[in-house]
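Asker:
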Amino acid sequence: MNKYHDLQDWLSWMDELSGNDFVIIDNFLDQELFKTIRSFFLDHLNTFRKAGVGALHNNMVRQDIRGDLTYWLDRKRDDCLQNFWELVDETIYIFNRYCFLGLSGYEFHLAHYPKGGHYDKHLDQFNNRSNRTISVVIYLNKGWQKGDGGELELFLKDGTSLIIEPTGAKCVMFKSAEMPHRVIASNKPRFSLTGWLLQQPASLGQFLG
């Protein structure tokens, strides 16, 4: 099943995620896949929509809380991203085979944070929708430097926090219901691919936050 990453790497990452509630993986995408996804992102940028907060009827655009624009991916429609979908399949296989999570679905969107865009501290889990199990963030930025902003801040159980730089091809995975986090205001356009591995089938995530 493993095509993109060696089993030993996966097992090391799973151990870290299990112990710390998160794992940071540099170069999760190879150069070719990074280029493919980033090109797709740029080609569709004019179709992105302002993202909302909350689920179902409580979903609303609140730019004081969240300032990104999103494009929800669809495996059948966006079949030019086949290599990415295969990487998702591999990731789910590893979680189910070695972590016994029983994952059965996923949902992903592209996220564009324009200059000044941010997302206040939050959890990726909703009270009336609890199937998001593992959050996945993959960065598509080129030439990111300190001062560009857009870092991910994870709020840890010991009361400290960790700042993660959004450098290209880096992946951050964390437990959706247990890891509060925020996106620090970006000082330049910030690109990412964000999604969730689910324990139940997806229910049109673009309508649910």
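Quick note on numbering: the sequence shown equals residues 944 to 1152 in the working numbering.
We treat Cβ as the ideally placed atom computed from N, Cα and C, and that holds for glycine.
1. Does Asn1074 pass the burial test, meaning 16 or more other C-beta atoms within 10 Å, or should it be called exposed?
2. When burial is assigned at 16 or more other CB atoms within 10 Å of the CB, is Asp1011 buried or exposed?
3. Identify the continuous alpha helix (DSSP H) that holds Ile980 and give its terminal residues.
4. Considering only C-alpha positions, which residue in the set Trp1139, Phe1027, Leu1066 and Gly962 is nearest to Phe983?
5. Rounded to the nearest angstrom, what separates Gly1060 and Tyr1014 at their Cα positions?
6. Which of the three DSSP states, helix, strand or coil, is assigned to His1000?
7. Nearest by alpha-carbon distance to His987: which of Asn963, His1055 and Thr1076 is it?
8. For Leu954, count neighbouring Cβ atoms within 10 angstroms of its own Cβ and tell me buried if that reaches 16, exposed if not.
Answerer: In short:
1. buried
2. buried
3. Residue range Gln974 to Asp986 is occupied by the alpha helix (DSSP H) that includes Ile980.
4. In terms of CA proximity to Phe983, Phe1027 leads the group Trp1139, Phe1027, Leu1066 and Gly962.
5. Taking the straight line joining both Cα atoms gives about 16 Å.
6. Confidence at His1000 is low in this model, with a pLDDT of 43, below 50, so the placement of that residue should be treated as unreliable; the coordinate-derived value is given next. Helix, per DSSP.
7. The option with the nearest alpha carbon to His987 is His1055.
8. exposed
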